[in-house]
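Working notes, beginning with the structure itself.
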Amino acid sequence: MDIFCCRLLDTVFAIFLGLCLALLLLFFKSFFWKQDIRARNLPRGSEGWPLLGETLAFLWPHRSNSFGSFLQDHCSRYGKVFKSHLFGSQTIVSCDHELNTFVLQNEERLFQASYPKPMHGILGKYSLLVVSGDLHKKLRRVAVNFVTASKSSSEFHRCVDRLSVSMLESWKGRHQVAFCKEAKMFALSLMVKTLLSIEPEDPRARKILADFLTYMKGFVSLPLYIPGTPYAMAVKARARLSSTVREIIEERRRTSSAAEMVSIVLDILLGGYETTATLMALIVFFLAHEPASLLQLKEEHLAIRQKKGSEEPLNGEDYKQMEYTNDVICEALRCGNVVKFVHRTGRLTISSGWKVFPIFVGTHLDLTLHENPMKFNPLRWKDKAMSKKVMPFGGGLRLCPGAELARLIIAFFLHHLVLSFRWKTEPDDFPIAYPYVEFKRDLVLEIEPTENHS
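Heads up: the sequence shown runs through residues 647 to 1100, numbered per my numbering.
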């Protein structure tokens, strides 16, 4: 009986062990089958060095109106969509217009914003770039309300006009100007005046400018919090900016917390200052190399000025007449690529957990979408379909809330510039993507006044 019981136990154990092994086999088969399916559905590509991946090659500086060697090489080898390893994560990189549009239009459903953790230390936890869901909607609503009110405000129009004239008046008697510095000071003066009611000559305005320059350099630096590194300096600069802004707006706080309001102000400053100043510089650069475009732009503004008094400020009705001006702005956005890419994370089965990078330059310089894409040609914007072929301000729920405001500011400035000065750029100066855009030599211009401004 004991022998029978032992054999029965052995048999039961053997059956149990067999079932366990069978289940384990099925598990591994299923696991590897899924991995195989995922691998077969992922695009081709390479992952570069351990830990570093291909981040350094991806960030390698290049002309902003070009693909750069990294994208050129990978797209030629793997196609417009490929896998890589960037910023410490497995990443799907897309230079495909349809996929980029799909990603941006499915924000919060299939994809979500996902910037590297170190960037949160620079941007702050309430930045529109990193928050999502209801908080993003709430903060974006505040930003949109500010932009909408400013765009339609005659007081804001007069402020832009006055600062534009003041900047150009300061050029009298000069033969050269470092335009990037001038544009940054102009954009920052306008933003701090509008947002914080601080005059350009206020010492706090220059303090904000100095901290903002340091702040910007940390965006694409290696995230090493070691004293003296660009990243560590940027985090400290952001803290100083927060402190300065908090002191100024403390008495004006309404529905949002102080921390949220500081982030909103810094986000608007970031967009209004950096993006506007960079776009101004790109337009001036491209127009210097396309005299026919500059002449057509000048003719549009001469027609507008002839209907007004010589010193009468511009207004909203004048802006509506600046059709070619808006084409120039759009073309500079396409050619110059102020924003190269955005960070997203996929929620799809195949890409779940992977970063997804929609690369805007891939769309803007695509031969299949644009004839002679490297050439600056505002006339291409007469084709109404162009607006669907570019995405300089992003798209979907995260479409830049200040896009229209930036257009108005730049249009007003261009009106006074083209009627007041002629200019030339230095032969060896051009825009470089770091990936944020800077000029090699700060865009030094040789200037001379026009006949009606002598």
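Where is the CB? At the ideal position from N, CA and C, for every residue including glycine.
Item	Value
What does a CB cutoff of less than 7 Å around ARG775 pick up in its chain, not counting 5 residues either side in sequence?	According to the sequence displayed, residue 775 carries Leu and not Arg. Counting only Cβ-Cβ distances below 7 Å, and skipping sequence neighbours, we find ALA759, TYR761, LEU769.
Quick one: using the 10 Å Cβ neighbour count with 16 as the cut-off for buried, is ASP742 buried or exposed?	buried
Considering Cα atoms alone, identify which of ARG804, LYS763, PHE932, ILE950 is closest to PRO959.	ARG804
If VAL1090 sits next to PRO1038, beta carbons under 8 Å apart, how far is it from one beta carbon to the other, in whole angstroms?	Wrong, their Cβ atoms sit about 26 Å apart, outside the cutoff.
Alpha carbon to alpha carbon, what distance is there between ASP780 and GLU1017?	41 Å
Let me check understanding here. Comparing Cα to Cα, which of TYR1080, PHE1085, GLU977 lies closest to ALA703?	TYR1080
So MET813 and PHE832 are supposed to be a Cβ contact under 8 Å. How far apart are they, rounded?	5 Å
Residue range of the alpha helix (DSSP H) that SER751 falls in?	According to the sequence provided, residue 751 is Gln. The question's Ser does not apply to it. First-last of the alpha helix (DSSP H) with GLN751: 743-751.
Any idea what DSSP makes of GLU1094, helix, strand or coil?	strand
State the beta-bridge partners of GLN758 as determined by DSSP.	THR991
Kindly list the residues whose CB is nearer than 6 Å to the CB of LEU672, restricted to its own chain and excluding five residues on each side of it in sequence; keep chain order.	Summary for LEU672: the model assigns pLDDT 43, below 50, so the residue's position carries little reliability; its value from the coordinates is reported in the next sentence. Contacts found: none.
DSSP state of GLY962, grouped into three classes?	helix
By the 10 Å Cβ neighbour count, where 16 or more other Cβ atoms means buried, how is GLN681 classified, buried or exposed?	For GLN681, the predicted structure reports a pLDDT of 43, less than 50, and the residue's modelled location is therefore unreliable. A value from the coordinates is still provided. Label assigned to GLN681: exposed.
In the structure shown, what three-state DSSP assignment does TYR1082 receive?	coil
For GLU906, which option in LYS771, LEU698, GLU1084, THR1071 has the closest C-alpha, if you only look at C-alpha atoms?	LYS771
Give me the residue from ARG808, HIS821, LEU834, ILE1093 with the minimum Cα distance to GLY917.	LEU834
Quick one, which of MET837, LEU948, VAL891 has its alpha-carbon nearest ALA923's?	MET837
On the DSSP bridge assignment, give the partners of PRO1077 in chain order.	PHE1085
Less than 8 Å between C-beta atoms, sequence neighbours within five positions excluded: which residues of the same chain meet that for VAL823?	TRP817, VAL1090, LEU1091, ILE1093
Looking only at its own chain, which residues have a Cβ that is under 7 Å from the Cβ of ARG786, when we skip the five neighbours before and after it?	LEU774, PRO1047
Mind reading off the beta-carbon distance from ALA1052 to LEU859? Whole number of angstroms is fine, and I expect it under 8 Å.	At roughly 19 Å, the Cβ-Cβ gap does not stay under 8 Å, so ALA1052 and LEU859 are not in contact.
Between GLU1072 and the rest of its own chain, which residues show a CB-CB distance below 7 Å, the 5 nearest in sequence each way excluded?	ARG1087, VAL1090
Per DSSP, what kind of secondary structure is SER773 in: helix, strand or coil?	coil
Contact check, PRO707 vs PHE931 under 8 Å by CB: the rounded distance?	At roughly 17 Å, the Cβ-Cβ gap does not stay under 8 Å, so PRO707 and PHE931 are not in contact.
Evaluate ILE910 with the Cβ neighbour count: other Cβ atoms within 10 Å of its Cβ, from every protein chain shown; 16 or more gives buried, anything less gives exposed.	buried
How is ARG690 classed by DSSP in three states: helix, strand or coil?	coil
State the DSSP-derived secondary structure class of THR875, mapped to helix, strand or coil.	coil
Taking the alpha helix (DSSP H) that SER710 falls in, what are its first and last residues?	No alpha helix (DSSP H) holds SER710; DSSP gives it neither H nor E.
Where does GLY917 fall in DSSP's three states?	helix
Given GLY691, which residues of its chain have a CB within under 6 Å of its CB, disregarding the five upstream and five downstream residues?	TYR724, PHE728, LYS729, SER730
Give the list of continuous beta strand (DSSP E) stretches no shorter than 3 residues that lie fully inside the stretch 805-845.	822-824
In terms of residues, what are the limits of the beta strand (DSSP E) holding PRO1004?	1001-1004
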